[in-house]
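Position 64 of the sequence shown, counted from 1, bears residue number 84 in the numbering used here, the numbering being contiguous throughout. What follows is a short report on a single structure.
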Amino acid sequence: MSLRYALLGLLADEAGSGYELTKKFERSLDRYAWHAKHNQVYQELNRLAADGLAEVVEEGARGRKTYAITEAGRADLRQWLLNPPRTPVVRNEFVLRLFLLFALDPKEARSVLADYAAAVQRDLDALTALVESTGADVHDGVLPDPLAFGHLAAGFGLHMLPASRDWARWAITQIDNQEGEGAGQGGESGPEEGGGGR
Numbered sequence: 021m022s023l024r025y026a027l028l029g030l031l032a033d034e035a036g037s038g039y040e041l042t043k044k045f046e047r048s049l050d051r052y053a054w055h056a057k058h059n060q061v062y063q064e065l066n067r068l069a070a071d072g073l074a075e076v077v078e079e080g081a082r083g084r085k086t087y088a089i090t091e092a093g094r095a096d097l098r099q100w101l102l103n104p105p106r107t108p109v110v111r112n113e114f115v116l117r118l119f120l121l122f123a124l125d126p127k128e129a130r131s132v133l134a135d136y137a138a139a140v141q142r143d144l145d146a147l148t149a150l151v152e153s154t155g156a157d158v159h160d161g162v163l164p165d166p167l168a169f170g171h172l173a174a175g176f177g178l179h180m181l182p183a184s185r186d187w188a189r190w191a192i193t194q195i196d197n198q199e200g201e202g203a204g205q206g207g208e209s210g211p212e213e214g215g216g217g218r
């Protein structure tokens, strides 16, 4: 269902063909918010048109169609935005993996977390460059047009990604501390056991 509203949101920003919307989806939503394959995008566009929430406003060569949101589509999108679910469905594969890290040895768990921290840093660097390319200053925290498409979401990423990276680094230190304590306890008990044998 969220794919429907993702596409309505893209159409509310500007009309586009299935190809253009797929590319815009990949550049913005797919990486940070919602994943969809190109055939799913095309199928959902057809459904939106059939339901009167979008309409074909132009047809070009090779069956290219440009879609625009209708007033009914805007009303439906607005209704969806104003009424979030009380118990949202959560599917976060990374957090699921966190619950199951106990199945790895400490070195492997540390490696998973380090890879995650590095990946988050790459995402943060890319997002920072993208935001700065619009003329915004990521350091002053002021967006020139906060309600423009994706601007507040970008701000969310600029706040959330450093926190995620720092959390991963913190988690690594937790594992390291536990490992250090284990090594210390082992080192202390060795001589005692040896002394008791004398």
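The C-beta atom is built at its ideal place from N, Cα and C for all residues, glycine as well. Keep in mind the model is a prediction, meaning the values are calculated, not measured.
**Report entry** Inter-residue spacing [alpha-carbon to alpha-carbon] between T222 and E34
**Finding:** No answer is possible for residue 222: the residues shown for the chain start at 21 and end at 218.
Query raised in the report: Short check: CB of L101 to CB of Y25, under 9 Å?
Result: Reading the sequence shown from its first residue, position 81 is the one you call residue 101. Reading the sequence shown from its first residue, position 5 is the one you call residue 25. Yes.
Query - Contact belief for Y62 with G38 at Cβ below 8 Å, rounded distance in angstroms - result: Here residue 62 corresponds to residue number 42 of the sequence shown, with the count starting at 1. Here residue 38 corresponds to residue number 18 of the sequence shown, with the count starting at 1. Right, the Cβ-Cβ distance comes to about 5 Å (below 8 Å), so this counts as a contact.
Query raised in the report: With a cut-off of 8 Å, do at least 3 Cβ pairs link the stretch 181 to 191 to the stretch 122 to 137?
Result: yes
Requested in this report: Take L97 and list the residues in its own chain whose beta-carbon comes closer than 7 Å to its own, dropping the five residues that flank it on each side.
Outcome: In the sequence shown, counting from the first residue as 1, residue 97 sits at position 77. Closer than 7 Å at the Cβ level, and outside the excluded window around L97, lie Y25, L28, G29 and A32.
Query raised in the report: Do three or more CB pairs link the stretch 163 to 183 to the stretch 113 to 127 at distances below 8 Å?
Result: no
Query - Residue closest to P105, alpha-carbon to alpha-carbon, out of Q194, G93 and S22 - result: Locating residue 105 in the sequence shown gives position 85, where the first residue counts as 1. Of the candidates Q194, G93 and S22, the one whose C-alpha sits nearest the C-alpha of P105 is S22.
Query raised in the report: Out of L116, G93, T148 and R94, which has the shortest C-alpha to C-alpha gap to G177?
Result: What you label residue 177 is simply residue 157 of the sequence shown in a count that begins at 1. When only C-alpha atoms are compared, the closest one is T148.
Query raised in the report: What do you get for S48, buried or exposed, if any count of 16 or more other CB atoms within 10 angstroms of its CB means buried?
Result: Stepping through the sequence shown from its first residue, residue 48 is reached at position 28. The residue is buried, with at least 16 neighbouring Cβ atoms inside 10 Å.
Query raised in the report: From the beta carbon of N59, is the nearest beta carbon of chain B less than 9 Å away?
Result: Annotation note: the requested chain B is absent from the structure, which comprises a single protein chain.
Query raised in the report: In this structure, what does DSSP give as the bridge partners for G200?
Result: Locating residue 200 in the sequence shown gives position 180, where the first residue counts as 1. G200 is not bridged to any residue.
Query raised in the report: Considering only residues of the same chain and omitting the five flanking positions on each side of L68, which have a CB-CB separation below 6 Å?
Result: Position 48 of the sequence shown, counting from 1, holds the residue named residue 68. Hits under 6 Å: A74.
Query raised in the report: Looking at the structure shown, is D157 part of a helix, part of a strand, or coil, going by DSSP?
Result: Counted from its first residue, the sequence shown places residue 157 at position 137. Looking at D157 - three-state DSSP - the assignment turns out to be strand.
**Report entry** In chain order, each alpha helix (DSSP H) run of at least 4 residues that lies wholly inside the stretch 73 to 135
**Finding:** 91 to 102 and 113 to 119
Report task. Rank V140, G175 and K43 by C-alpha distance to the C-alpha of E152 and give the top, closest one. Result -> Within the sequence shown, the letter at position 132 stands for residue 152. Checked all of V140, G175 and K43; the closest Cα to E152 is G175.
Query raised in the report: Nearest to N59 by CA position, among G72, F45 and E79, is which residue?
Result: Taking the sequence shown and counting its residues from 1, the one referred to as residue 59 is at position 39. Out of G72, F45 and E79, F45 has the C-alpha closest to the C-alpha of N59.
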